[in-house]
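Below is one structure, written out as structure tokens, with a few remarks after it.
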Amino acid sequence: MKELIMVIDDDMGVQECLQAILEAEGYEVMIARDGKHALEMLATARPNLIILDLMMPRMNGYEFLKTLEQQGRRAELPIILLTADPQVKERATKLAVNAYLLKPFELLDLLDSVANVLA
């Protein structure tokens with residue numbers, strides 16, 4: 001059974017790129033355009049991993065993580081952060097995510113992070 005990865009990002013170009021790369025590697029991919037959309041999808045979906053952009057409209061990555069925590073679901077969902085914020089290392093530690101990538105990132109770094117988190 002293919003592992004399911006949820007990509008949460010408001011940038012359609014990033015969505016399409018990540019979906020193509022991850023599917024080429026044998027993963028199943030679902031796309032959410034923001035945190036609210038992702039929460040709706042999580043009502044019925046059980047991804048093995050979430051790749052999360054921090055800066056999005058409607059519900060950003062911080063709000064999404066806070067909502068997951070309030071629902072008691074944060075620990076069950078491995079998360080890789082994507083962000084352009086150079087302060088991400090400090091924030092990633094505080095947010096207790098599994099990994100982070102600074103935009104722009106190398107595709108091999110993304111695939112390594114995905115493989116390591118899912119291992």
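Sequential numbering of the sequence shown, starting at 1, is according to the UniProt record's numbering.
Beta carbons: idealized from backbone N, C-alpha and C, even for Gly.
The structure presented is a predicted model; accordingly, all values stated were derived computationally and were not measured.
Per DSSP, GLU25 is not a residue of any alpha helix (DSSP H), being assigned neither H nor E. Judged by their CB atoms, LEU118 and LEU49 are nearer to each other than the 8 Å cut-off. Sixteen is the threshold: when 16 or more other Cβ atoms of the shown chains lie within 10 Å of the Cβ of THR83, as they do, the residue is buried.
In this structure, LEU54 and GLY61 form a Cβ contact; the two beta carbons are roughly 4 Å apart against a cut-off of 8 Å. Taken atom to atom, the span from the alpha-carbon of ASP85 to that of GLU16 is near 22 Å. Taken through DSSP and simplified to helix, strand or coil, ASP112 comes out as helix. The count of Cβ pairs closer than 8 Å, one atom from the stretch 28-44 and one from the stretch 102-114, stays below three, leaving the stretches out of contact. Of the other Cβ atoms in all chains shown, 16 or more fall within 10 Å of the Cβ of LEU52; this residue is therefore buried. Looking at the DSSP output, TYR62 bridges to nothing. Residue environment: ALA92 is assigned as buried (16 or more neighbouring CB atoms within 10 Å of its CB, all protein chains considered).
When DSSP states are grouped into helix, strand and coil, VAL117 belongs to the helix group.
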